[in-house]
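Asker: The sequence shown begins at 1 in the numbering used here and counts up by one.
Don't be surprised by glycine CBs; every beta carbon is placed ideally from N, CA and C.
On a predicted model such as this, the values are computed, not experimentally measured, just so you know.
Right, I'll just put the structure down here and ask away after.
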Amino acid sequence: MTSVPSSDLQQLFDRAFAPLAAAVSAKRIPGGVLGIVDSNGHRIARAIGSAQLVPRQRSMQVETWFDLASLTKVIFTTPRILALAEDGVIDLDAPLISVLPDLRQYDAGAWERQVTFRQCLGHQTPFPAVEPIYTYGRDPDLLRAFILQREWRARDPVYSDINFILLGFALERLSGNTIRDLDPGPGFAWSTEPDVAAATEDCTWRHRVLSGEVHDDNCSALQGAGHAGLFGTAASVLDFAQELLTGASKNSIALMRTPLSATRTHGWERPYEGWSGGSLCSPGTIGHTGFTGTGLWVDFDRGKAWTLLTNRIHPTRHFDSGIASLRQTVGDLVNGL
């Protein structure tokens with residue numbers, strides 16, 4: 001972190017960091033990094049706790065790499081889909097079959113063939129929230145075919161990884177490369193060295209503690225996907241947020257801020273009662289979280305953004321880490337001045 005924070009930003013940061021320190025002290029989470037940046041480039045970040053507890057202990061650093069999980073959706077997949085729309089390569093209101101003509105290709109009347117890019121971005125489709133695709137095998141090409149040809153049971157719209165897995169397929173089809181062969185963006189990667197990463201879960205089916213390799217089961221089996229798999233540091237996440245605050249790709253940012261429902265925009269969440277960013281965000285805020293314990297919130301009205309990166313699922317997801325209330329508390333303190 002290079003910029004010197006203003007005194008106001010420092011006071012705000014110290015107050016917002018306290019609940020993260022308390023969560024680590026209470027052993028609710030092993031460790032984390034909190035970072036804040038404003039539109040003038042002032043930023044501050046601080047680490048606390050452990051990047052890994054088992055089978056050996058490592059301390060958390062500001063430079064620690066995190067499995068960003070579903071932040072992949074908003075940092076990688078959403079900007080690229082919106083850029084393709086801005087360039088006229090795709091029409092957001094066209095069905096996915098305009099790029100993926102083989103989606104449910106054996107049933108011309110299948111509802112999946114009517115789903116649009118915009119509906120996927122806003123999680124307004126009948127796809128399920130998640131599906132254990134990895135239990136059907138480890139051949140990534142076969143799994144892609146399975147996802148495209150499966151007769152999915154329609155249900156009320158929910159936040160769904162399947163939406164962004166399909167958007168990732170579209171990026172692959174248009175580029176002629178797999179996700180892992182695509183540029184993840186400056187400061188990001190698809191994997192990293194274990195010793196510089198925050199460890200995630202002691203995986204029951206991979207039989208090892210994961211560190212530097214993707215935690216998401218489906219992304220692992222697919223060997224790269226549009227819904228998860230991106231790695232980054234607090235610095236790279238804040239760099240991305242600062243680019244949004246300073247107005248890069250104005251048309252795409254406008255869509256990221258354009259509501260598609262009471263809770264969602266194109267790719268992102270927007271403030272609603274009980275959302276992850278807390279109750280004091282301005283209406284001009286967008287945010288997103290990741291299952292591994294990550295999150296990013298960008299407040300355009302106030303010209304600031306914050307990221308809370310934790311390894312709350314290390315060594316297991318089957319534990320009440322209190323991450324939901326921690327995110328909300330931090331958000332309220334960031335916006336309390």
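(1) Determine the direct distance from the alpha carbon of Y106 to that of V298, and round the result to whole angstroms.
(2) Figure out for me which residue from L9, R138 and D320 has the closest Cα to the Cα of C219.
(3) Ends of the alpha helix (DSSP H) at I323?
(4) Hey, could you find the ends of the beta strand (DSSP E) G287 is sitting in?
(5) So what does DSSP say about T2, is it helix, strand or coil?
(6) Quick check: L148 and D102, are their CB atoms within less than 7 Å of each other?
(7) Counting Cβ pairs, one atom from each stretch, are 3 or more of them under 8 Å apart for the segment 320-337 and the segment 50-63?
(8) Would V37 pass as a contact of Q223 if the rule is Cβ separation under 7 Å?
(9) How close, in whole Å, do the beta carbons of H314 and E201 come, if the pair is a contact with beta carbons under 8 Å?
(10) Checking the sheet assignment: what are the DSSP bridge partners for C203?
(11) Smallest Cα separation from C281: which of F146, R173, R270 and F291?
(12) Return the residue from the list L260, T246 and W268 that minimises the CA-CA distance to D301.
(13) Need the endpoints of the alpha helix (DSSP H) that K73 sits in, please.
(14) Would T116 and D93 be called neighbours here (beta carbons separated by less than 7 Å)?
(15) Mind checking which residues open and close the alpha helix (DSSP H) that includes V130?
(16) Examine the Cβ distances between the segment 255-271 and the segment 47-58 and report whether three or more of them are shorter than 8 Å.
(17) Tell me which residues share the same chain as Y159 and place their Cβ nearer than 7 Å to its Cβ, disregarding the 5 neighbours each side in the sequence.
(18) Can you list, in chain order, the residues of its chain with a C-beta nearer than 6 Å to that of R15? Leave out the 5 residues immediately preceding and following it.
(19) Leaving aside the five residues before and after Q10 along the sequence, list all residues of the same chain whose C-beta is less than 7 Å from its C-beta, in chain order.
(20) Figure out for me which residue from G295, H266 and V196 has the closest Cα to the Cα of G278.
(21) Which parts of the segment 245-283 are runs of the alpha helix (DSSP H), unbroken and 4 residues or longer, counting only runs that do not cross its ends?
(22) By Cβ distance, which residues of its chain are closer than 6 Å to M1, with the 5 residues on each side in sequence left out?
(23) Is the Cβ-Cβ distance between G293 and L68 less than 7 Å?
Answerer: With the structure as the only source:
(1) Rounded to the nearest whole angstrom, the CA to CA distance from V298 to Y106 is 43 Å.
(2) The shortest C-alpha separation from C219 is found at R138.
(3) I323 to V334 is the span of the alpha helix (DSSP H), which, as asked, contains I323.
(4) Its beta strand (DSSP E) spans residues T285 to G290.
(5) The predicted model places T2 with a pLDDT of 38, which falls under 50 and marks its position as unreliable; any figure quoted below should be read in that light. Here T2 sits in coil by DSSP.
(6) For the pair L148 and D102, the CB atoms are nearer than the 7 Å cut-off.
(7) Output reads no: the segment 50-63 does not touch the segment 320-337.
(8) No.
(9) Confirmed, about 7 Å.
(10) BP columns for C203 point to R208.
(11) Selected option, being the one with the closest Cα: R270.
(12) Nearest option by C-alpha distance: T246.
(13) Per DSSP, K73 belongs to no alpha helix (DSSP H) and is neither H nor E.
(14) Using a Cβ distance threshold of 7 Å, T116 and D93 count as a contacting pair.
(15) That residue, V130, is in no alpha helix (DSSP H); it is neither H nor E in DSSP.
(16) As far as the Cβ criterion goes, the segment 255-271 does not touch the segment 47-58, which means the pair count is below three.
(17) The answer, listed in chain order, is H123 and A129.
(18) A distance below 6 Å between beta-carbons, with the five flanking residues on each side excluded, links R15 to the following residues of its chain, in chain order: L333.
(19) Cβ within range, chain order: I44.
(20) Comparing Cα positions, the closest option is G295.
(21) Runs found: 250-256.
(22) A caution first: M1 carries a pLDDT of 37, below 50, which makes its placement in the model unreliable, though a value can still be read off. Non-local C-beta neighbours of M1 in its own chain, meaning closer than 6 Å and more than five positions away in sequence, comprise R43 and A45, ordered along the chain.
(23) G293 is not a Cβ neighbour of L68, given a cutoff of 7 Å.
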